Structures are given as C-alpha cells and as structure tokens.
Amino acid sequence: MGMGAVTEASHRHTAAGGYSNADWWPNQLNLDILQQNPPMANPMGDDFDYAAEFKTLDLAAVKQDIAALLTDSQDWWPADYGNYGGLMIRLAWHSAGTYRISDGRGGSGSGTIRFAPLNSWPDNANLDKARRLLWPVKKKYGRKLSWADLIVLAGNVSLETMGFETFGYAGGREDVYEPEKDINWGPESKWLGDQRFSDDRELANPLAASQMGLIYVNPEGPNGNPDPLLAAHDIRITFGRMAMNDEETVALIAGGHTLGKVHGAADPRKYVGPEPEGASLEEQGLGWKNSFGTGAGPDTITSGLEGAWTYTPVKWSHDYFENLFEYEWELHRSPAGAQQWHPKPGQTKRTTPDAHDPS
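According to our numbering, the sequence shown holds residues 138 to 496 in order.
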C-alpha cells in the first residue's frame with residue numbers, strides 16, 4: 138500500500154489548518170468536474186437571464202464611469218502617468234489570452250481570471266489590484282454587468298480614451314462562480330516550469346503558453362534566455378495556438394506594448410510575497426505584497442522588467458515600431474535583475490517620462 142505525497146505550504150486554509158484529501162492522495166479520482174458551477178453555486182438564482190439583464194444596461198454610462206476611474210489615481214495603488222489604462226489593457230488581454238484552439242478552453246468568456254489558478258499565475262501578478270479598482274463599477278451595475286464583460290470593456294475603454302479606435306464592443310459573457318477544474322494547463326508542478334516541450338522544441342497539445350503560469354511567452358526569452366530567434370520560434374507557436382497568424386501577432390504585441398509600462402523596481406525574490414491563493418487570510422484576496430519602499434508606485438515589482446516602450450505611454454502612437462527600427466539595441470539588467478533590451482548609448486536624447494512625476 139503506497140503513501141500519498143503531501144505538499145508543504147506556508148498557509149493552509151483547510152479546516153483547522155489540516156491537509157485535504159487531495160493533499161494526501163493526489164492521484165485520487167476527482168469527480169468534481171461532473172458538477173462544475175452547479176445552479177446552487179450561482180448567487181443570481183436559477184431563473185437569472187444574463188442576456189436579458191445586459192440589454193437593460195446603459196452601456197454609455199458604464200463607459201463614462203470606467204473612463205472616470207482610469208484617471209482617478211488611488212493612494213493605495215497609484216496609477217502610472219496618472220492613468221490606469223495600461224493596467225486595464227493588460228487585465229483584459231490576460232483574461233482573453235488563455236484561449237487556445239486545440240480544445241477551445243480558456244479565454245475571457247466567463248471571468249475565470251478571478252479564480253485559481255489564473256488569479257495566481259506569475260504572469261498575472263498585480264492584476265488583483267486592477268480588479269479591485271474596478272469593484273466600484275461592478276458594485277454599481279450589479280447583475281446587469283458580469284465581471285467577464287466588465288474586464289473586457291475596461292480594456293476597450295482604456296484603448297479608446299488613449300486615442301485608439303476599436304472595432305466596438307460586444308457583451309454577453311456570463312460569469313461562473315467557482316474555478317474550472319477540468320482544464321489541463323500543463324504537467325509542471327512549479328511556476329515557470331517548461332516540461333511541455335519535446336527535445337526538438339515541439340509544444341505538447343493542447344497547451345499554448347510556453348511555461349507554467351504564463352499567458353503566452355517569457356518576456357526575457359525562452360526560460361529567460363534572451364535569444365531573439367529562439368523567442369520568435371516560441372512566439373509563433375504560442376500565438377498560432379491562440380488562432381493568430383504572424384501579422385495578427387505582430388499587431389497585438391506592438392499595439393499592446395505601445396501603452397503603459399512594465400515594473401521591476403527591485404528583486405522580487407527578496408521583496409514580493411505569495412500570490413493571492415498562497416497569501417495569508419489578512420491579505421483579503423490580494424497577493425504579491427511588496428515590501429520594497431512603498432510597495433507601489435515607483436516601487437512596484439511585477440514582471441521584473443522596468444520601463445515604458447514609447448515616449449507617450451498614455452497616448453496611442455506608432456512609437457513602438459519607430460523605436461524598434463530606428464535604434465540598435467543591447468542587453469541590460471533591470472533593477473530587479475531581469476534581462477531586457479535598451480538602445481545603445483548616444484542614439485537618442487529623448488527619454489520616456491517618469492511614471493510618477495506629475496511634472
């Protein structure tokens with residue numbers, strides 16, 4: 138008779154702090170997937186018709202409320218450049234970016250970024266704050282506006298208010314109220330593991346992301362190796378499995394990184410606490426508590442990379458492409474130790490603005 142393997146954890150929120158059956162017997166047949174999101178778990182009731190509720194929504198008013206929120210910087214999580222638009226675009230994309238064509242799983246259709254494991258993936262660091270910032274809008278419109286729809290709409294409004302013309306918006310995404318337990322996110326048992334590739338770098342089906350806990354690919358390169366050709370290989374595979382061709386991939390990467398910035402004020406291994414699902418109860422659903430400086434604003438630590446991609450990070454432009462092709466680039470380390478590319482010295486006198494300098 139074999140013994141089960143119990144996984145150690147710094148916080149156990151099971152009854153009396155004990156281990157669950159799944160901890161003791163990780164290979165036990167799990168039948169939970171046969172009754173996912175049952176009617177009893179829906180706080181709206183059996184007769185709730187989200188499509189009908191959504192049709193009663195004053196969408197223009199919702200967009201106005203979101204637009205006002207974007208420039209209402211909060212002391213507990215200050216907005217970069219006085220605008221949360223970049224953060225909300227990232228939230229919307231990371232909600233949608235789990236979609237894969239192999240089995241149709243993932244995506245923004247039911248708001249699952251609110252739940253484990255997605256809410257605690259390393260790639261989703263600090264998006265818990267984005268959802269918390271959106272709470273007043275969700276509270277105001279209640280059952281008429283799902284989290285799934287609100288998250289995508291916040292991304293749309295962010296793009297529009299910063300000068301990008303979108304194709305429009307379509308609602309109707311009905312929320313689920315518990316994690317999805319039947320999706321294979323990969324075989325790895327550690328964050329950023331990549332046991333999903335064969336020896337000749339073929340990605341196993343049905344997976345799309347290149348490493349466990351990432352939405353798509355590692356921004357430093359495959360496994361942190363800053364090789365552009367190897368990165369291009371992974372990018373083409375991953376985005377292809379998200380139903381994108383090369384042209385669409387380039388448009389998404391360049392467009393998404395025209396606005397906002399990345400955050401790497403210091404080494405996350407020294408200063409950043411557990412993700413939401415691993416954090417203590419007093420964190421009240423938030424994670425990645427940062428003990429460096431103020432823990433926010435100029436001291437924010439997210440991906441470990443640091444800085445903006447354009448000179449106008451809250452205004453739509455073509456600077457991303459212009460900068461990419463105009464300059465020669467060389468590797469540097471961010472303050473957090475992440476590998477990233479900077480223009481070689483002496484090529485430009487222009488600099489990106491300070492995200493928290495009001496001048």
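Every residue, glycine too, gets a C-beta built ideally from N, C-alpha and C.
Because the structure is a prediction, the values reported are computed rather than measured.
Asked	Found
According to DSSP, is residue 275 helix, strand or coil?	helix
How far does the alpha helix (DSSP H) with residue 367 in it reach, from first residue to last?	365-377
Below 8 angstroms, can you find three or more Cβ-Cβ pairs linking the region 303-313 to the region 330-345?	no
Check whether the region 419-437 and the region 393-402 are in contact - that is, three or more C-beta pairs closer than 8 angstroms.	yes
Are the region 383-390 and the region 239-252 touching by the rule of at least three beta carbon pairs closer than 8 angstroms?	no
In terms of residue numbering, what span does the beta strand (DSSP E) encompassing residue 566 cover?	Since the first and last residues shown for the chain are 138 and 496, residue 566 lies out of range.
If you measure between the beta carbons of residue 236 and residue 380, is that distance less than 9 angstroms?	yes
Does the beta-carbon of residue 143 have 16 or more other beta-carbons within 10 angstroms, so that it is buried, or is it exposed?	Because the pLDDT at residue 143 is just 41, under 50, the model does not fix this residue reliably, and the value given afterwards should be weighed accordingly. Per the 10 Å Cβ criterion, exposed.
By the DSSP assignment, the beta strand (DSSP E) with residue 466 in it spans what residues?	466-470
Any idea what DSSP makes of residue 214, helix, strand or coil?	strand
Can you name, in chain order, every residue of its own chain whose Cβ lies under 7 angstroms from the Cβ of residue 487, other than the five neighbours on each side?	448
Can you tell me which of 184, 169, 287 puts its alpha carbon nearest to the alpha carbon of residue 202?	287
Is it true that the CB of residue 344 sits closer than 9 angstroms to the CB of residue 378?	yes
With a 10 Å radius around its C-beta and 16 neighbouring C-beta atoms as the bar for buried, classify residue 483 as buried or exposed.	exposed
My parser needs the alpha helix (DSSP H) runs of 4 or more residues fully inside the region 209-261; what are they?	222-233
Can you check which of these residues, 185, 415, 413, 438, is closest to residue 407 by C-alpha distance?	438
Between the C-alpha atoms of residue 396 and residue 337, what's the straight-line distance to the nearest angstrom?	36 angstroms
So, are the CB atoms of residue 451 and residue 222 less than 9 angstroms apart?	yes
How many Å lie between residue 349 and residue 302 at the Cα?	34 angstroms
Can residue 479 and residue 468 be called in contact, C-beta distance under 9 angstroms?	yes
What residue does the alpha helix (DSSP H) around residue 160 start on, and which one ends it?	158-161
Thinking C-alpha only, which one of 209, 233, 317, 276 is nearest residue 292?	233
Sort 195, 425, 413 by Cα distance to residue 274 and report the nearest one.	195
What's the C-alpha gap between residue 374 and residue 184?	42 angstroms
Starting from the C-beta of residue 253, find all residues in its chain whose C-beta is less than 6 angstroms away, skip the five residues before and the five after it, and write them out in chain order.	316, 414
Ignoring anything shorter than 4 residues, give me the alpha helix (DSSP H) runs that lie fully in the region 256-343, in order along the chain.	264-278, 284-298
Spatial neighbours of residue 472 within its chain, please: CB distance less than 7 angstroms, with the 5 preceding and 5 following residues excluded, ordered by chain position.	401, 402, 403, 443
Taking the continuous alpha helix (DSSP H) assigned at residue 387, which residues delimit it?	383-393
Identify, in the order they occur along the chain, each residue of the same chain with its Cβ nearer than 8 angstroms to the Cβ of residue 352, setting aside the five sequence neighbours on each side.	230, 231, 234, 235, 258, 260, 261, 346
Thinking just about the alpha-carbon of each residue, which of 163, 241, 228, 306 is nearest to the one in residue 255?	228
Identify, in the order they occur along the chain, each residue of the same chain with its Cβ nearer than 7 angstroms to the Cβ of residue 188, setting aside the five sequence neighbours on each side.	309
How far does the alpha helix (DSSP H) with residue 122 in it extend, from its first residue to its last?	Because the chain spans 138 through 496 in this model, residue 122 falls outside it and cannot be assessed.
Kindly indicate which three-state DSSP category residue 427 falls into: helix, strand or coil?	strand
Would you check if the distance between the CB atom of residue 434 and the CB atom of residue 492 is smaller than 9 angstroms?	yes
Going by CA-CA distance only, name the one from 167, 456, 186, 244 that's closest to residue 282.	186
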